[in-house]
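Engineer: Next up is a structure, given as structure tokens.
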Amino acid sequence: MTQSLPPADPAPRVGAVKSVTARIAEELSVGERQVAAAVALLDEGATVPFIARYRKEVTGSLDDSQLRTLEERLTYLRELDQRRDAVIASIEEQGKLTDELRNALLAADTKARVEDIYLPYKPKRRTKAQIAKEAGLEPLADRLLADPTLVPDEVASEFLNENVADAAAALDGARHILIERVSEDAELVGATREKFWADGALRTAPWSEEAAKSAAAQKFRDYFEFSEPLEKMPSHRVLAVLRGEKEQALALTFDGGDDEAYQAMIAQTLGVDLTASTPATPWLAGTVRLAWRTKLMISASVDARIRLRQRAEEDAVAVFATNLKDLLLAAPAGTRTTLGLDPGFRTGVKVAVVDATGKVVDTCAIYPHQPQKQWDQAKATLAALVARHGVELIAVGNGTASRETDALAAELIADIRAAGAPAPTKAMVSEAGASVYSASAYAAQELPELDVTLRGAVSIARRLQDPLAELVKIDPKSIGVGQYQHDVTPGSLARSLDAVVEDAVNAVGVDLNTASVPLLARVSGVTESLAAAIVAHREKSGAFRSRSALLEVPRLGPKAFEQCAGFLRIRDGEDPLDASGVHPEAYPVVRRILDRSGVTLAELIGNERSLRALKPADFADDRFGIPTVTDILAELEKPGRDPRPAFTTATFASGVEKVADLKVGMVLEGVVTNVAAFGAFVDVGVHQDGLVHVSAMADRFVSDPHEVVKSGQVVRVKVVDVDVDRQRIGLSLRLKDEPQQKGKRPERSDRGGNQGRGGDRRNQNRGKGSGRRESNQPMGSMAEALRNAGFGR
7 MTQSLPPADP
17 APRVGAVKSV
27 TARIAEELSV
37 GERQVAAAVA
47 LLDEGATVPF
57 IARYRKEVTG
67 SLDDSQLRTL
77 EERLTYLREL
87 DQRRDAVIAS
97 IEEQGKLTDE
107 LRNALLAADT
117 KARVEDIYLP
127 YKPKRRTKAQ
137 IAKEAGLEPL
147 ADRLLADPTL
157 VPDEVASEFL
167 NENVADAAAA
177 LDGARHILIE
187 RVSEDAELVG
197 ATREKFWADG
207 ALRTAPWSEE
217 AAKSAAAQKF
227 RDYFEFSEPL
237 EKMPSHRVLA
247 VLRGEKEQAL
257 ALTFDGGDDE
267 AYQAMIAQTL
277 GVDLTASTPA
287 TPWLAGTVRL
297 AWRTKLMISA
307 SVDARIRLRQ
317 RAEEDAVAVF
327 ATNLKDLLLA
337 APAGTRTTLG
347 LDPGFRTGVK
357 VAVVDATGKV
367 VDTCAIYPHQ
377 PQKQWDQAKA
387 TLAALVARHG
397 VELIAVGNGT
407 ASRETDALAA
417 ELIADIRAAG
427 APAPTKAMVS
437 EAGASVYSAS
447 AYAAQELPEL
457 DVTLRGAVSI
467 ARRLQDPLAE
477 LVKIDPKSIG
487 VGQYQHDVTP
497 GSLARSLDAV
507 VEDAVNAVGV
517 DLNTASVPLL
527 ARVSGVTESL
537 AAAIVAHREK
547 SGAFRSRSAL
557 LEVPRLGPKA
567 FEQCAGFLRI
577 RDGEDPLDAS
587 GVHPEAYPVV
597 RRILDRSGVT
607 LAELIGNERS
617 LRALKPADFA
627 DDRFGIPTVT
637 DILAELEKPG
647 RDPRPAFTTA
657 TFASGVEKVA
667 DLKVGMVLEG
677 VVTNVAAFGA
687 FVDVGVHQDG
697 LVHVSAMADR
707 FVSDPHEVVK
717 SGQVVRVKVV
727 DVDVDRQRIG
737 LSLRLKDEPQ
747 QKGKRPERSD
757 RGGNQGRGGD
767 RRNQNRGKGS
777 GRRESNQPMG
787 SMAEALRNAG
797 FGR
């Protein structure tokens, strides 16, 4: 490793495309040499977590967020360059490549721009315009453009031949030629596309009168008469209406605004004066109108749809990724014996006890609820398990029968306390994805002796002990913290979520001697097959005593060791440093620190005063610079420290078990289960999450709910609206808020016409006639807010 950054790319020649590294550096506002260094490391197979943590000198301390953006842009810009080269080669092969055209392609900074320029040269089926050109009608089109004083019919009669029967056919062919000409004009196509996006709106209506009456379409009824500017439409509403269209409940129309403005742009491109009183003006005006309606408007609408969906998907993926990160990095309860309860009515409550390491030590099923109603027997069974195994935690899944099961656990704890014995702590645990894990091939391999239903209880117990270690066994899409995740392109969602999981796992670190294959497979540089080889070696040879012993694992070479070693922890091993985040390659730095300090490693580790008195610059050299030494000293202060918060639990109010039990004005404790662009959903223990709208999160303006809350956080909320029939709950984080009176709705200050219908009530200008909110105002009907948010569930 070296401290020096590689030289930047040489300055591009005149007319050449700017280098990939230069473009990324400009976008990230960092040095080009930093980008070049990061690109070189990525191309060598280094992972983002490894580069961010252990190659700070090389990249100038680019963080993981910058590196993820860099990696994404690197892929896009390289694909752009490949496509640009292919287009240039295609045009050159046709013998039509000019210096001007080459320079235009080299200056194109998006794939869309490259395709716009390529359009006239792109091989395609014979068009009506091509047929007209073959019939010799292009000169007719050019003459009418050049001299609108000509009479179209008279001029057209000069172009009759065996392929052109009459003047009308000639003029029709000339019109096709002009329409194709403007539809392939890169500047015009780009300008109309941007204008359509800036000025256009999406309008929705029922798919049909019959469809509007169906029960399936009723969840979209707030969009039966809806319009919103394309630029301002939030992602959750975009995905909602697209889902409505897919289910044939909604018909979507993309309206670009003033047609005459677009026609004026086309006329200017052709050099046509639409106000002139000349014989050819009506024909030319008709050509301009058809060019807009049959070509440019359609292409602009298609582009707007793609762009709208792409932006909505990016926002939805970002929300999902943030929520997933919060959930993965939620506080672990730690290495304590845990009893997991997977609730159910008719099929009973599945029970599993796992020890401090997560090993299953007992399982059974109890039937406390209807129809069996074996409450006392169930409680006695649980009491025996608690006593037999020294259970310290009880994890209750939050699915069907969760509140009833939670009440059983609460009564059990009360009985144990009354007997004077130490009682376990209970917590409600999200069971999203537990069924996916239970039926997975890995669960069958991990717990072959257990029935599928019992595996869910094991997963629930382990989730409480260590959410990260258990959730990595599940496809991130199945964890259930997304916003319209099923409407998002699977590939882009998977890439983003995989990156989040990788970053979370490596930020926390992994115990090499207890980690599962799925957890190890998320460690930097470790593939799934390599993870399986590590576990197999561990089972055959016993626990690893040192990080260097990893090199004995088949197929784990020096490169993989370099990438993964720093993120793997060995407790009570041969070298205390193996339990820290100090990379083995930097152990000599620690030895140097010990030599100069005159103390042993045992005396230095955890000695905050001594460590903070040391100056990183005194131990830096050409290989390990100040950033790395600073990290080493911080790691020695708290070796293997867990970045996750301390474990806390929410206490649900007794007697509040269903939506009907809620009363407006109640203040309750709950757990944030999901955060969306328009607010956060909170579990208050009634089987139905309530919504804290973004406008009810703080006494200040909140642009992003993640600024205030995150998934898994315990919060206190006030009930401001209850709709029992529709099972909707309105909550507020502002505990001094007054509930909205029934039947009275606040003035919608964020609406301009029906522009704000379905709005997320954030501080945005909704278009003409729209008011502008400078701060979040108290919400009125929270049920209305739910509808506005696009949730018809």
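Adding 6 to a residue's 1-based position in the sequence shown gives its number in my numbering.
Glycine included, every Cβ here is placed at the ideal spot set by N, Cα and C.
Check whether the Cβ atoms of L453 and V464 sit closer than 9 angstroms, and answer yes or no.
Structural biologist: By 1-based counting over the sequence shown, the position of residue 453 is 447. By 1-based counting over the sequence shown, the position of residue 464 is 458. Yes, these two residues count as a Cβ contact at 9 angstroms.
Engineer: If you count every other CB in all the chains shown that lies within 10 Å of the CB of N167, and 16 or more means buried, which is it?
Structural biologist: Residue 167 sits at position 161 when you count from the first residue of the sequence shown. By the neighbour-count rule (16 or more Cβ atoms within 10 Å), N167 is not buried but exposed.
Engineer: Looking at L177 and A197, is the spacing between their C-beta atoms short of 9 angstroms?
Structural biologist: The residue given as residue 197 occupies position 191 in the sequence shown. The residue given as residue 177 occupies position 171 in the sequence shown. No; because the gap between Cβ atoms is not below 9 angstroms, this pair is not in contact.
Engineer: How is the beta strand (DSSP E) around R734 delimited, first residue to last?
Structural biologist: To locate residue 734, count along the sequence shown from 1; it is residue 728. From DSSP, the beta strand (DSSP E) with R734 extends over R734 to S738.
Engineer: With burial defined as no fewer than 16 other Cβ atoms inside 10 Å of the residue's Cβ, what is the status of E508: buried or exposed?
Structural biologist: Taking the sequence shown and counting its residues from 1, one reaches residue 508 at position 502. Label assigned to E508: buried.
Engineer: When you compare each of S241, K365 and G263 to E319 by their alpha carbons, which one comes out closest?
Structural biologist: One-based indexing of the sequence shown puts residue 319 at position 313. The residue with the shortest Cα to Cα distance from E319 is S241.
Engineer: Determine the DSSP secondary structure at G497, reduced to helix, strand or coil.
Structural biologist: Indexing the sequence shown from 1 puts residue 497 at position 491. Three-state result, G497: helix.
Engineer: Please name the residue, chosen from D264, D731, H712 and D727, that lies closest to K331 on a Cα-to-Cα basis.
Structural biologist: In the sequence shown, the residue the question calls residue 331 occupies position 325. Of the candidates D264, D731, H712 and D727, the one whose C-alpha sits nearest the C-alpha of K331 is H712.
Engineer: Using three-state DSSP, classify I372 as helix, strand or coil.
Structural biologist: The sequence position of residue 372 within the sequence shown is 366, counting from 1. Looking at I372 - three-state DSSP - the assignment turns out to be strand.
Engineer: Is I400 helix, strand or coil when you go by DSSP?
Structural biologist: Indexing the sequence shown from 1 puts residue 400 at position 394. DSSP places I400 in strand when its eight states are reduced to three.
Engineer: When DSSP labels each residue in this structure, what does V699 get in the three-state scheme?
Structural biologist: Translated into positions along the sequence shown, residue 699 becomes position 693. According to the sequence provided, residue 699 is His. The question's Val does not apply to it. Residue state, collapsed to three classes: strand.
Engineer: In whole angstroms, give me the CA-to-CA distance for D228 and L583.
Structural biologist: One-based indexing of the sequence shown puts residue 228 at position 222. One-based indexing of the sequence shown puts residue 583 at position 577. One C-alpha to the other measures close to 60 angstroms.
Engineer: Decide if Y448 is buried, meaning its Cβ has at least 16 other Cβ atoms within 10 Å, or exposed.
Structural biologist: Along the sequence shown, read from residue 1 onward, the residue named residue 448 stands at position 442. Exposed.
Engineer: Compare the Cα-Cα distances from I419 to each of V397, A337 and S408 and report the closest residue.
Structural biologist: If you number the sequence shown from 1, residue 419 lands on position 413. Answer by Cα proximity: V397.
Engineer: Taking DSSP as the reference, what is the three-state secondary structure of M672?
Structural biologist: For this step, residue 672 is matched to residue 666 along the sequence shown. M672: coil per DSSP, three-state reduction.
Engineer: Check the DSSP bridge columns for G685 and list the partner residues they point to.
Structural biologist: On the sequence shown, position 679 is the one that residue 685 refers to. Per DSSP, A682 and H699.
Engineer: So what does K356 bridge to, in DSSP terms?
Structural biologist: Position 350 of the sequence shown, counted from the start, is the residue given in the question as residue 356. According to DSSP, K356 bridges with D348 and A371.
Engineer: Ends of the beta strand (DSSP E) at M271?
Structural biologist: The residue labelled residue 271 in the question sits at position 265 within the sequence shown. Run containing M271: none in the beta strand (DSSP E); it sits in the alpha helix (DSSP H), D265 to L276.
Engineer: Quick one: Cα of E476 to Cα of Q269, how far?
Structural biologist: Residue mapping note: residue 476 aligns to position 470 of the sequence shown, counting from 1. Residue mapping note: residue 269 aligns to position 263 of the sequence shown, counting from 1. Distance between the alpha carbons of E476 and Q269 is about 59 angstroms.
Engineer: With distances taken between CB atoms, is the gap from L248 to L258 smaller than 9 angstroms?
Structural biologist: The residue labelled residue 248 in the question sits at position 242 within the sequence shown. The residue labelled residue 258 in the question sits at position 252 within the sequence shown. Yes. Within cutoff.
Engineer: So, at 6 angstroms on beta carbons, what are the nonlocal neighbours of D122 in its own chain, with the 5 sequence-adjacent residues on each side left out?
Structural biologist: Counting from one through the sequence shown, the residue named residue 122 turns up at place 116. The residues are A192, V195 and G196.
Engineer: Run through the DSSP bridge pairs and tell me what V516 is partnered with.
Structural biologist: Residue mapping note: residue 516 aligns to position 510 of the sequence shown, counting from 1. Paired residue(s): L574.
Engineer: Closest by CA to V720, which one among A386, Q254, V690 and A389?
Structural biologist: Within the sequence shown, the letter at position 714 stands for residue 720. Among A386, Q254, V690 and A389, the Cα nearest to that of V720 belongs to V690.
Engineer: Under DSSP, the beta strand (DSSP E) around F260 begins and ends at which residues?
Structural biologist: Looking up residue 260 in the sequence shown gives position 254. Start and end: L256 to D261.
Engineer: Determine, using beta carbons only, whether I183 and E144 come nearer to each other than 9 angstroms.
Structural biologist: For this step, residue 183 is matched to residue 177 along the sequence shown. For this step, residue 144 is matched to residue 138 along the sequence shown. It is a contact, given that the beta carbons lie within the stated cut-off.
Engineer: Return the chain-ordered ranges of every alpha helix (DSSP H) run that is complete within the segment 175-232 and spans a minimum of 4 residues.
Structural biologist: As far as the segment 175-232 is concerned, its whole alpha helix (DSSP H) runs of at least 4 residues are 192-205 and 215-218.
Engineer: Does the count of Cβ pairs from the segment 341-349 and the segment 397-409 closer than 8 angstroms reach three?
Structural biologist: Contact between the segment 341-349 and the segment 397-409 is present, because at least three Cβ pairs lie under 8 angstroms.
Engineer: Applying the criterion that 16 or more other CB atoms from any shown protein chain within 10 Å of the CB defines a buried residue, is A527 buried or exposed?
Structural biologist: Position 521 of the sequence shown, counted from the start, is the residue given in the question as residue 527. Its Cβ being crowded by 16 or more others within 10 Å, A527 is buried.
Engineer: By Cβ distance, which residues of its chain are closer than 8 angstroms to V120, with the 5 residues on each side in sequence left out?
Structural biologist: Residue mapping note: residue 120 aligns to position 114 of the sequence shown, counting from 1. Within the same chain, V120 has close Cβ partners L86, R89, R90, V93, L111 and A114.
Engineer: Taking the alpha-carbon of G531 as reference, which of A571, A538 and L617 has the nearest alpha-carbon?
Structural biologist: If you number the sequence shown from 1, residue 531 lands on position 525. Taking only the C-alpha atoms, the option nearest G531 is A571.
Engineer: Per DSSP, what kind of secondary structure is T75 in: helix, strand or coil?
Structural biologist: The count along the sequence shown starts at 1 and reaches residue 75 at position 69. Residue state, collapsed to three classes: helix.
Engineer: Which residue's Cα is closest to the Cα of E591: D578, F573 and A538?
Structural biologist: Indexing the sequence shown from 1 puts residue 591 at position 585. Looking at the Cα atoms, F573 is the closest of the given residues.
Engineer: Given this structure, state the Cα-to-Cα distance separating V357 from L333, to the nearest angstrom.
Structural biologist: Position 351 of the sequence shown, counted from the first residue, corresponds to residue 357. Position 327 of the sequence shown, counted from the first residue, corresponds to residue 333. Distance between the alpha carbons of V357 and L333: 24 angstroms.
Engineer: With a CB to CB cut of under 7 angstroms and the five nearest residues on each side skipped, what residues in its chain are close to L536?
Structural biologist: Locating residue 536 in the sequence shown gives position 530, counting from the first residue. Excluding positions up to five away in sequence, the list reads R561, L562 and A566.
Engineer: Tell me whether the beta-carbon of D637 lies closer than 9 angstroms to the beta-carbon of G587.
Structural biologist: As a first step, residue 637 is located in the sequence shown; it is residue number 631 there, counting from the start. As a first step, residue 587 is located in the sequence shown; it is residue number 581 there, counting from the start. Going by C-beta atoms, D637 is nearer than 9 angstroms to G587.
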